[in-house]
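First up is the structure itself, then whatever we jot down about it.
Numbering (the numbering used here), first residue to last: 1 to 131.
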């Protein structure tokens with residue numbers, strides 16, 4: 001099984017650019033209505049516009065909760081490089097960077113342009129560098 005998360009956004013190109021800047025990923029599809037984002041040729045996230053293709057299960061664009069209770073959690077190999085990209089992109093940091101003593105790793109909680117909570121975490125046991 002390979003997870004292929006899909007989020008629904010207001011502006012696909014804007015969100016795609018944000019994720020590319022924050023994650024250091026690339027667009028594998030592109031477009032105004034849908035995009036696929038990859039890292040090293042692996043799909044990590046799909047982005048779909050709210051008001052196209054009449055998919056009845058994407059949710060309601062007028063519901064501001066944006067995945068209440070759902071987090072997009074990404075483990076990264078190089079936490080320090082990820083933090084540099086997050087800061088360089090001017091991403092809204094909700095918490096961190098911090099050390100999670102339960103997982104014994106570093107993590108940073110950020111909000112994407114549509115309000116989704118995104119967590120960037122180092123590998124389990126990653127305590128190198130400074131939070």
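Virtual Cβ for every residue (Gly too), placed ideally from N, Cα, C.
Counting C-beta pairs closer than 8 Å gives three or more between the segment 16-24 and the segment 84-94, which meets the contact rule.
Residue 74 is bridged by DSSP to 120. With contact defined as three or more Cβ pairs closer than 8 Å, the segment 47-67 and the segment 93-103 are not in contact.
Within the DSSP bridge table, the entry for residue 48 names 8, 34 as partners. Listed as beta-bridge partners of residue 98 by DSSP are 107.
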